[in-house]
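Quick mapping for you: the protein sequence lines, in order, are chains L and E.
Residue numbering for the first sequence follows our numbering, beginning at 1 and increasing consecutively.
Residue numbering for the second sequence follows our numbering, beginning at 369 and increasing consecutively.
Positions of the beta carbon are idealized from the N, C-alpha and C atoms, including for glycine.
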Amino acid sequence: MGHRILALIIKEFLALFRDKKSRMAVIVPPIFQLLVFGYAATFDLEHAALAILNEDTGGFSRDLAGRFERSSGFEVVGYLRSEAEIAPLIDRGGALLALHIGPQCSSDAARGESCNIQVLIDGRNSNTAMLALNYVRSIVSDFNEERAALNGAKLPARLNMRAWFNPNLESRWFIVPGIIALLAMIVTLVVTALSVAREREAGTFDQLLVTPLRPWEILIGKAMPGLLVGVGEASLIIAVAVFWFKIPLVGQLSVLYPALIIYVLSIIGVGLMISSFSATLQQALLGAFLFIVPAVILSGFSTPIANMPAFMQALTYLDPMRYFLTIVRRVFLEGAGIEYFWHDLWPMSIIAAVTLAMATWLFRHRMY
Amino acid sequence: MKPGRLLRVKGMIRKEWLQVIRDPSSIAIAFFLPMLLLLIFGYGVSLDAKNVRIALVVEQADSQSLSFAGGFYQTPYFAPLALNSIQEAETALRQSKVDGIVWLRHNFGRDYLRKDSPPIGVIVNGVDANTARLIEGYVQGIWFGWLEQQAERAGKKLQSPVQLEQRIWYNPEVRSTDFLVPGVLAVIMTLIGALLTALVIAREWERGTMEALLVTRISVVEILLGKLIPYFILGMGGLALSMAMAHSLFHVPLRGSLWLLLATSALFLWVALGMGFFISTIFKSQFVAALVAMVSTFLPAFILSGFIFDIQSMPPIIQGLTHLIAARYYVSILQTLFLVGDVWSVVLPNAAALVGMGLFFHGMVYRKTRKNLE
Chain L
1 MGHRILALII KEFLALFRDK KSRMAVIVPP IFQLLVFGYA ATFDLEHAAL AILNEDTGGF
61 SRDLAGRFER SSGFEVVGYL RSEAEIAPLI DRGGALLALH IGPQCSSDAA RGESCNIQVL
121 IDGRNSNTAM LALNYVRSIV SDFNEERAAL NGAKLPARLN MRAWFNPNLE SRWFIVPGII
181 ALLAMIVTLV VTALSVARER EAGTFDQLLV TPLRPWEILI GKAMPGLLVG VGEASLIIAV
241 AVFWFKIPLV GQLSVLYPAL IIYVLSIIGV GLMISSFSAT LQQALLGAFL FIVPAVILSG
301 FSTPIANMPA FMQALTYLDP MRYFLTIVRR VFLEGAGIEY FWHDLWPMSI IAAVTLAMAT
361 WLFRHRMY
Chain E
369 MKPGRLLRVK GMIRKEWLQV IRDPSSIAIA FFLPMLLLLI FGYGVSLDAK NVRIALVVEQ
429 ADSQSLSFAG GFYQTPYFAP LALNSIQEAE TALRQSKVDG IVWLRHNFGR DYLRKDSPPI
489 GVIVNGVDAN TARLIEGYVQ GIWFGWLEQQ AERAGKKLQS PVQLEQRIWY NPEVRSTDFL
549 VPGVLAVIMT LIGALLTALV IAREWERGTM EALLVTRISV VEILLGKLIP YFILGMGGLA
609 LSMAMAHSLF HVPLRGSLWL LLATSALFLW VALGMGFFIS TIFKSQFVAA LVAMVSTFLP
669 AFILSGFIFD IQSMPPIIQG LTHLIAARYY VSILQTLFLV GDVWSVVLPN AAALVGMGLF
729 FHGMVYRKTR KNLE
């Protein structure tokens with residue numbers, strides 16, 4: 001029996017890797033995508049295009065504008081001469097925001113009154129707009145505090161803000177561990193979702209069913225390439241995250257790996273289910289996308305689950321990626337031990353068990 | 369036009385159309401997929417943090433501390449959880465029961481009255497850096513509002529050297545839905561285009577029917593036209609459905625003109641279908657074409673198109689790479705047409721880039737298909 005399964009496993013690997021094109025399609029894109037996405041997927045605002053319209057000639061406004069010119073978040077793309085230039089510039093995306101200092105600014109400040117400044121922000125990307133606004137606010141409030149301190153005034157109370165686990169709030173630290181979960185899913189699904197459908201279309205799956213192999217033996221044979229490729233690629237990606245992107249790995253690999261293996265098994269279950277459901281490759285491809293896209297969106301990879309309406313949040317509990325995403329981020333950044341994510345581990349194990357069992361059953365009981 | 373071309377293309381379309389109808393998956397791709405994805409994206413993707421769970425530790429219930437803490441109960445942004453000690457709060461943060469802590473020490477009220485400028489401790493969980501930053505922004509807002517209120521109560525105006533007035537154009541309420549839903553359309557159209565066509569040419573090669581077609585009098589252009597037209601009609605149907613849903617369900621305003629939206633969308637669909645044909649022609653095997661479609665369509669359109677991650681914030685090399693992603697141009701056009709209006713200086717260059725990509729894909733498909741005749 002042992003060598004029967006072994007023979008099947010070897011055959012599955014050959015089916016996947018004998019062809020150079022399919023070998024390349026499975027191995028190369030994830031590594032390339034990790035490098036590209038690791039840099040691309042950022043919510044940090046850097047060098048945001050800023051236009052300055054300073055109608056005032058005094059030192060006070062020059063000092064204020066200088067704060068914006070020197071900050072790393074903004075890059076001054078132009079100095080405007082009139083208010084009419086602002087709208088066309090922002091409309092065509094030439095600047096993300098415009099700072100408008102009125103002609104009275106320095107004289108108002110000299111008289112001890114407030115200098116009113118205006119900031120106009122392109123809201124097409126609402127998140128960038130909010131980040132830019134927060135950035136402007138903090139520059140202005142630092143400036144205010146310093147000015148007030150010069151006159152010996154103090155604010156009645158001050159905020160003392162700190163961030164745990166990611167002190168500089170780099171969004172890359174959040175996104176790159178997420179990419180581990182994302183690419184592990186895609187690779188595993190790519191390997192498994194097409195494997196049965198391909199044989200169904202070619203007619204060889206019926207031949208496999210009439211061999212002495214039992215359904216669970218077929219399951220092992222079909223699951224092994226997914227498990228090895230999924231865990232292998234994930235390990236490579238983890239190494240790149242740690243050594244290339246320098247994401248701090250605070251926790252233990254020994255707690256991350258059991259979670260990774262269960263995660264990959266649950267994706268294999270989903271992939272084989274899709275595959276045995278489909279009669280053609282076209283259907284399997286559609287099935288794969290019908291799973292991948294919702295799974296990525298509902299996992300909290302790019303936008304937090306907490307922001308979703310209640311019924312969507314309930315749906316996320318069906319998504320294996322949701323659990324592993326939480327685990328991988330917490331192990332990386334918080335150094336969480338198994339006692340902190342046990343409640344994420346067991347639902348994922350149930351999903352794995354149910355989908356693998358369903359897939360095995362579907363081998364013999366296909367729909368049409 | 370060559371004699372009989374219309375007839376041959378018509379015959380090809382009919383054949384392709386029958387194949388579409390007989391395999392329900394194409395219909396599902398064109399109509400079911402966009403509906404499902406729009407619902408999931410529309411409701412699931414939001415960057416507006418509301419009801420953030422925050423631990424409030426007020427060590428001394430004096431009037432200053434209570435009035436400051438009260439601000440957290442009056443905003444939709446926070447769902448505060450009152451805890452008795454900072455140790456409890458830190459444990460809650462570590463267990464992910466709260467996303468942040470606001471801590472007023474026992475001497476806060478006393479130092480406030482002494483004008484000692486007491487600190488308000490704020491700790492956020494920085495794992496999700498973006499949300500953490502938004503939370504910090506909200507806390508600053510509450511803090512500033514409270515300072516103004518306290519000054520008013522004392523009969524003064526909070527005098528700061530610079531007063532900031534802010535305006536966010538095109539999306540004054542900063543609803544992330546308004547910016548995300550137009551981008552979602554681009555991701556959906558990329559998927560539909562590629563899924564519909566990624567396998568159709570490979571299938572003909574694999575089954576040997578392509579050779580059969582090539583020996584007939586039908587030319588390569590006619591074959592490709594016959595394949596393009598049915599899927600284009602299907603795709604436009606899916607597109608119209610998605611746009612109607614985006615408008616009626618998510619109330620995204622359309623400030624540009626409808627005809628321009630439809631014209632640019634048709635252009636993008638042509639490019640997306642071309643990409644599918646391209647994959648199909650290059651790989652000639654359904655299995656490999658499906659592998660390539662899975663790894664090369666969704667994620668690049670999702671991450672590199674500017675749909676959610678701002679292209680301007682990416683490093684220059686990556687910004688250069690995004691120019692290879694057709695969805696990037698369409699996202700730009702969509703966000704501008706929906707939220708700003710017909711800004712030709714945005715629409716024209718992006719549309720020109722789409723035309724270029726479309727010509728490349730369809731041209732390559734034509735060349736590669738002809739080569740195999742020899």
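Cutoff 8 Å: residue i Cβ touching any chain E Cβ
i	result
residue 321 (chain L)	no
residue 46 (chain L)	yes
residue 283 (chain L)	yes
residue 10 (chain L)	no
residue 122 (chain L)	yes
residue 192 (chain L)	no
residue 104 (chain L)	no
residue 276 (chain L)	no
residue 67 (chain L)	no
residue 79 (chain L)	no
Anticipated Cβ contact below 8 Å, residue i with residue j, distance rounded
i	j	result
residue 97 (chain L)	residue 121 (chain L)	4 Å
residue 471 (chain E)	residue 489 (chain E)	4 Å
residue 307 (chain L)	residue 416 (chain E)	6 Å
residue 16 (chain L)	residue 215 (chain L)	Actually they do not touch by this definition, with Cβ atoms about 21 Å apart.
residue 698 (chain E)	residue 636 (chain E)	4 Å
residue 673 (chain E)	residue 640 (chain E)	Between residue 640 (chain E) and residue 673 (chain E) the Cβ distance is about 12 Å, and since that is not below 8 Å, they are no contact.
residue 507 (chain E)	residue 159 (chain L)	7 Å
C-beta neighbour in chain L for residue i, strict 8 Å
i	result
residue 742 (chain E)	The predicted position of residue 742 (chain E) is uncertain, since its pLDDT is 46 and thus under 50; a value taken from the coordinates is nonetheless stated next. It does not; no Cβ of chain L falls within 8 Å.
residue 651 (chain E)	yes
residue 610 (chain E)	no
residue 643 (chain E)	no
residue 428 (chain E)	no
residue 389 (chain E)	no
residue 418 (chain E)	yes
residue 710 (chain E)	no
residue 616 (chain E)	no
residue 722 (chain E)	no
residue 505 (chain E)	yes
residue 511 (chain E)	yes
residue 559 (chain E)	yes
Neighbour list for residue i in chain B, Cβ cutoff strictly below 8 Å
i	result
residue 538 (chain E)	Here chain B cannot be found, since the structure's protein chains are L and E.
Residue i beta carbon near the ligand SAM (any heavy atom closer than 7 Å)
i	result
residue 715 (chain E)	You won't find the ligand SAM in this model; it holds no ligand whatsoever.
Pairing CB atoms from the region 559-576 of chain E with CB atoms from the region 651-659 of chain E, are three or more of them under 8 Å?
yes
Can you list, in chain order, the stretches of the alpha helix (DSSP H) that have 4 or more residues and sit fully within the region 462-526 of chain E?
476-481, 497-521
Taking 8 Å as the threshold, find out whether the region 171-191 of chain L comes into contact with the region 38-51 of chain L through three or more Cβ pairs.
yes
Please identify, using Cβ separations under 9 Å, the residues of the region 724-739 of chain E that lie next to chain L, in order along the chain.
none
With 8 Å as the C-beta to C-beta threshold (strictly closer), list the residues of the region 89-100 of chain L near chain E in chain order.
90, 91, 92, 93, 96
Ignoring anything shorter than 4 residues or poking outside the region 384-436 of chain E, list the alpha helix (DSSP H) runs there in chain order.
Qualifying alpha helix (DSSP H) stretches, in chain order: 392-395, 401-412.
Where the region 14-39 of chain L meets chain E: residues whose CB sits under 8 Å from a CB there:
19, 21, 22, 25, 26, 29, 30, 33, 36, 37, 39
Do the region 338-358 of chain L and the region 308-325 of chain L make contact, defined as three or more Cβ pairs closer than 8 Å?
Judged by pairs of C-beta atoms under 8 Å, the region 338-358 of chain L touches the region 308-325 of chain L, as three or more such pairs exist.
Check each residue of the region 149-171 of chain L: if its Cβ is closer than 7 Å to any Cβ of chain E, include it; give the result in chain order.
The region 149-171 of chain L vs chain E, Cβ under 7 Å: 154, 155, 156, 157, 158, 159, 160, 161, 162, 163, 164, 165, 166, 167, 169, 170, 171.
Contact set between the region 229-257 of chain L and chain E, restricted to residues whose Cβ is under 9 Å from the partner:
none
Unbroken alpha helix (DSSP H) runs of length 4 or more, entirely within the region 542-574 of chain E: which are they?
For the region 542-574 of chain E, whole alpha helix (DSSP H) runs of length 4 or above, ordered along the chain, are 544-565.
Scan the region 194-206 of chain L for residues whose Cβ lies nearer than 7 Å to a Cβ of chain E and list them as they occur along the chain.
194, 198
Uninterrupted beta strand (DSSP E) stretches inside the region 78-130 of chain L (no shorter than 3 residues):
Runs found: 97-101, 115-122.
Does the contact criterion of 3 or more C-beta pairs under 8 Å hold for the region 99-106 of chain L versus the region 58-78 of chain L?
yes
With 9 Å as the C-beta to C-beta threshold (strictly closer), list the residues of the region 674-700 of chain E near chain L in chain order.
Result list: 674, 676, 677, 678, 679, 680, 681, 682, 683, 685, 686, 687, 689, 690, 700.
In chain order, which beta strand (DSSP E) runs of at least 3 residues are fully inside the region 633-708 of chain E?
none
Would you call the region 283-300 of chain L and the region 474-487 of chain E in contact, with 3 or more CB pairs under 8 Å?
no
Count the C-beta pairs between the region 176-190 of chain L and the region 26-36 of chain L that are closer than 8 Å, then say yes if the count reaches three, no if not.
yes
Are there three or more Cβ pairs, one per stretch, closer than 8 Å when the region 63-70 of chain L is compared with the region 137-147 of chain L?
Contact holds: three or more Cβ-Cβ distances are below 8 Å.
I want to know whether the region 699-715 of chain E touches the region 537-552 of chain E - three or more CB-CB distances under 8 Å.
yes
Is the region 705-716 of chain E in contact with the region 627-641 of chain E, if contact means three or more CB pairs nearer than 8 Å?
Under the 8 Å Cβ criterion, the region 705-716 of chain E counts as touching the region 627-641 of chain E, having at least three qualifying pairs.
Below 9 Å between beta carbons is the criterion; list the residues of the region 373-399 of chain E that meet it against any residue of chain L, in chain order.
Of all residues in the region 373-399 of chain E, 391, 392, 393, 394, 396, 397 have a Cβ within less than 9 Å of some Cβ in chain L.
The region 454-466 of chain E contacting the region 122-130 of chain L, beta-carbon criterion three pairs below 8 Å:
As far as the Cβ criterion goes, the region 454-466 of chain E does not touch the region 122-130 of chain L, which means the pair count is below three.
Hey, which unbroken runs of the beta strand (DSSP E) at 3 residues or more fall wholly within the region 146-217 of chain L?
158-164
Ignoring anything shorter than 3 residues, give me the beta strand (DSSP E) runs that lie fully in the region 27-87 of chain L, in order along the chain.
48-54, 74-79
Tell me, please, whether the region 377-392 of chain E touches the region 588-601 of chain E by the rule of three or more beta-carbon pairs shorter than 8 Å.
yes
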